[in-house]
Amino acid sequence: MNDYNWWQRAVIYEVYVRSFRDSDGDGVGDLPGVIEKLPYLQDLGVDAIWLTPFYKSPMVDNGYDVSDYDHVDPLFGTDEDFGRLVAEAHARGMKVVIDIVVNHTSSEHPWFRESRSSVDSPYRDWYHWTKTPTRWGSQFGGPAWHFDETTGEYYLGLFSAEQPDLNWKNPAVRAAVKEMMRRWAGRGVDGFRLDVISLIGKPDEPKDGAANAWGFTDWHWQVANAPEAHEYIRELHREVFEPYHLMTVGEASGVTLEESLKYSGRTREELDMVFQFEHVGLDGSETWKWTHGRIPVPQLKEVLFHWQEGLSEDGWNGLFWCNHDQPRIVSRLGDEGVYRERSAKMLATCLHGMKGTPFVYQGEELGMTNVVFSAVDELQDIESVNAYEALTSSGRYTPEEMLSILSEKSRDNARTPMPWDFGENAEAQVLQEDSVWSYYKELIRLRHENDCLAFGSFRRLTGVPDDVSAYLRVSDAETLLVVCNFSGETRELVLPEWKGAHRLIGNVLDSLFLETGQLEPYEAAIYSKA
Ligand code: TEU
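So the sequence shown is residues 244 to 773, counted in our numbering.
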């Protein structure tokens with residue numbers, strides 16, 4: 244395999260800057276902190292880091308509300324720190340992917356301040372304004388059309404009032420975005436993670452969808468994956484991604500397999516891959532996650548295998564369990580108790596065994612779990628705080644019920660500080676041969692060294708117990724078997740043709756699986772046959 248793109252055999256590590264490493268003791272992570280921990284990431288073996296937004300921002304949505312795209316927020320350091328980070332990452336052989344948030348800006352961005360100042364402002368048309376709003380609801384609660392007193396009109400903010408949506412139909416907006424992207428390319432970045440890029444195309448005539456309990460209506464059906472979004476992305480590809488050799492992963496919540504082939508199909512010239520959310524939405528739905536529930540393993544397998552098979556010939560999978568918006572995967576699908584470490588390794592095996600680019604979210608490599616929230620003031624995330632207010636004040640949930648749901652679902656579960664030096668800490672795991680960390684390191688090494696793991700085709704195994712996942716990866720020279728027990732009990736899967744195969748990695752010492760067909764609770768392994 245000589246002819247491939249770097250990201251096709253890479254593992255990418257997501258750094259949520261604010262809670263990664265605090266270098267100056269102000270309680271907030273920062274870019275010098277990331278620089279300090281580059282040796283840790285290099286040791287783990289990741290090929291690239293994705294940095295969440297570090298730009299100037301009022302931090303209403305922790306930086307996903309950008310007020311200045313070109314400069315580092317003082318909370319996170321300086322522009323020089325960023326330059327140093329890129330140089331030092333490159334010197335250590337790691338690439339740098341930055342988060343680009345251009346579906347919306349902050350309401351404090353000079354473009355929006357101008358836009359809202361007058362109906363005659365040259366920036367008026369940079370955002371969406373109307374006198375006759377639909378009843379669309381916003382992602383973080385309340386209406387999506389926000390009344391603005393200065394001009395007596397409403398502007399669109401699909402996430403919050405402080406995150407007005409840019410009007411991509413306006414060529415001046417697209418030109419400004421492209422220039423900004425080129426400036427970052429010039430500062431040495433290797434790729435972009437594009438925030439909610441599936442939402443940039445807006446309908447000319449917004450219409451109300453189904454209403455929710457508060458009378459707000461749904462917009463996803465009319466906004467997500469609009470044909471215009473594909474058009475705009477192709478323009479970005481032509482004028483920025485391609486000429487500057489940038490790797491791209493687009494966040495595309497609500498995307499179907501068919502739609503994702505449009506984004507990432509090889510001849511489409513749009514994106515390298517997308518993040519889809521079907522597998523992590525199985526314990527609720529994307530528009531309604533505020534309920535208890537565990538991801539059902541049979542459906543999970545069906546979704547994962549559907550994507551593996553669907554993107555086998557064309558397109559490419561962005562593989563992930565965790566990110567800064569998702570609860571911790573060990574809490575969702577593994578065991579927080581005695582099998583914490585073993586189940587963390589099992590989940591890692593299942594994901595890293597598949598074809599695509601695996602993403603590791605900070606702390607996942609330590610097997611971190613969710614938090615228990617016992618009071619609303621322990622929450623910081625705008626989505627969680629607003630949902631708590633809305634759902635308790637309407638009487639839908641008691642405060643206790645809502646806190647227990649938030650302990651399962653809140654985005655804050657993923658945003659606790661990286662435990663560098665206490666408890667189940669990072670430094671201790673690095674030194675331990677059988678730690679979750681060492682297991683991740685081994686999986687990453689395997690992806691780099693084993694062609695079949697990186698490029699072999701995917702084939703599901705049938706006749707497997709409901710809560711066991713088993714699949715093959717097949718190349719001319721080798722076949723791999725990836726088997727994972729998602730249950731806390733012993734399971735049986737007899738595979739006589741695999742007797743005597745070589746185990747590349749596994750989470751149970753002295754496993755008897757190939758001899759007896761017995762899988763221990765949360766057991767996982769990858770076997771190889773020539
Ligand atoms: O997230 C997009 C998104 O749709 C999220 O709202 C997601 O569905 C939700 O968090 C699940 O509960 C991106 C960013 O990753 C997120 O952090 C931002 O808040 C959001 O865009 C707005 O920029």
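For glycine and all other residues, C-beta sits at the position ideal for the given N, C-alpha and C.
When you compare each of the options to residue i by their alpha carbons, which one comes out closest?
i    : options                : result
G508 : F459, V540, N560, R481 : N560
C593 : Y487, A419, R716       : R716
W680 : P660, W457, S647, N750 : N750
L634 : S358, G384, S262       : G384
R356 : T393, G452, V726       : T393
G699 : G731, E556, M423, P662 : E556
D568 : T534, P301, V546, S627 : S627
E503 : A469, P486, D286       : The sequence given here places Ser at residue 503; Glu does not occur at that position. Closest by alpha carbon: A469.
R436 : P449, P275, G493, E474 : G493
E763 : S730, V725, H549       : S730
M302 : S361, E405, D694       : E405
Indicate, with yes or no, if ligand 2 has a heavy atom lying under 7 Å from the CB of residue i.
i    : result
V466 : Ligand 2 is not among the ligands present in this structure, which contains only ligand 1.
Would DSSP call residue i helix, strand or coil?
i    : result
Q761 : strand
F355 : helix
I440 : helix
E735 : strand
G224 : Nothing in the structure corresponds to residue 224, since the chain is present only between 244 and 773.
Y487 : coil
V673 : helix
W379 : strand
H480 : helix
E626 : helix
F435 : strand
K338 : strand
S771 : strand
W372 : strand
A253 : coil
P386 : strand
Y247 : coil
Y683 : helix
F602 : strand
Y397 : strand
Pull up the distance between the alpha-carbon of residue i and that of residue j, whole angstroms please.
i    : j    : result
G230 : F402 : What is shown of the chain runs 244 to 773, which leaves residue 230 out entirely.
G610 : E676 : 15 Å
W531 : V523 : 13 Å
L576 : A591 : 11 Å
A332 : E670 : 20 Å
N413 : H314 : 24 Å
T722 : G434 : 32 Å
E643 : A630 : 14 Å
N248 : T491 : 12 Å
T659 : V517 : 26 Å
Y256 : Q605 : 7 Å
R417 : R639 : 42 Å
F563 : K505 : 20 Å
R511 : R477 : 8 Å
D578 : L752 : 19 Å
S300 : H347 : 12 Å
G706 : Y714 : 11 Å
L757 : G536 : 34 Å
E607 : P365 : 46 Å
L554 : V573 : 26 Å
A415 : E521 : 34 Å
D246 : H488 : 16 Å
W741 : A587 : 25 Å
I538 : G558 : 26 Å
Q623 : P386 : 21 Å
R359 : D447 : 20 Å
E396 : P282 : 52 Å
I748 : F548 : 21 Å
R335 : F325 : 15 Å
I625 : E323 : 30 Å
(message) Counting beta carbon pairs with one atom in the region 409-425 and one in the region 439-458, are three or more of them shorter than 8 Å?
(response) Contact holds between the region 439-458 and the region 409-425, because three or more Cβ pairs, one in each stretch, are under 8 Å apart.
(message) Quick test of the definition: if touching needs 3 or more C-beta pairs under 8 Å, does the region 600-609 touch the region 674-691?
(response) Three or more Cβ pairs drawn from the region 600-609 and the region 674-691 lie within less than 8 Å of each other, which places the two stretches in contact.
(request) Identify every run of the alpha helix (DSSP H) within the region 300-336, keeping only runs that are complete inside it and at least 4 residues long; order them along the chain. (result) Qualifying alpha helix (DSSP H) stretches, in chain order: 322-334.
(message) Would the region 542-550 count as touching the region 579-591 if we require 3 or more Cβ pairs under 8 Å?
(response) Because the criterion of three Cβ pairs below 8 Å is not met, the region 542-550 and the region 579-591 do not touch.
(request) For the region 370-379 and the region 423-436, state whether three or more C-beta atom pairs, one from each stretch, are separated by less than 8 Å. (result) Look at the beta carbons and you see the region 370-379 not touching the region 423-436: under three pairs across the two are nearer than 8 Å.
(request) Please specify which runs of the alpha helix (DSSP H), each continuous and at least 4 residues long, are wholly inside the region 266-294, giving them in chain order. (result) As far as the region 266-294 is concerned, its whole alpha helix (DSSP H) runs of at least 4 residues are 274-279, 281-287.
(request) Give a yes or no on contact between the region 277-295 and the region 336-348, applying the rule of three or more CB pairs nearer than 8 Å. (result) Yes, they touch.
(request) Please list the segments of the beta strand (DSSP E) lying wholly inside the region 492-576, counting only runs of 3 or more residues, in order along the chain. (result) Counting only runs of 3 or more residues that sit fully inside the region 492-576, the beta strand (DSSP E) segments are 516-518, in chain order.
(message) At 4 residues or longer, what runs of the alpha helix (DSSP H) sit wholly inside the region 700-727?
(response) You should have found no qualifying run.
(request) Would you be able to state if there are at least three C-beta pairs under 8 Å between the region 479-486 and the region 456-470? (result) Touching, no, given that fewer than three Cβ pairs across the two stretches are closer than 8 Å.
(request) Could you name each continuous beta strand (DSSP E) segment of 3 residues or more that falls completely within the region 629-660, going from the start of the chain to the end? (result) Listed in chain order, there is nothing to give.
(message) List, from N- to C-terminal side, the alpha helix (DSSP H) runs of 4 residues or more that fit wholly inside the region 404-435.
(response) Here the runs fully enclosed are 414-429.
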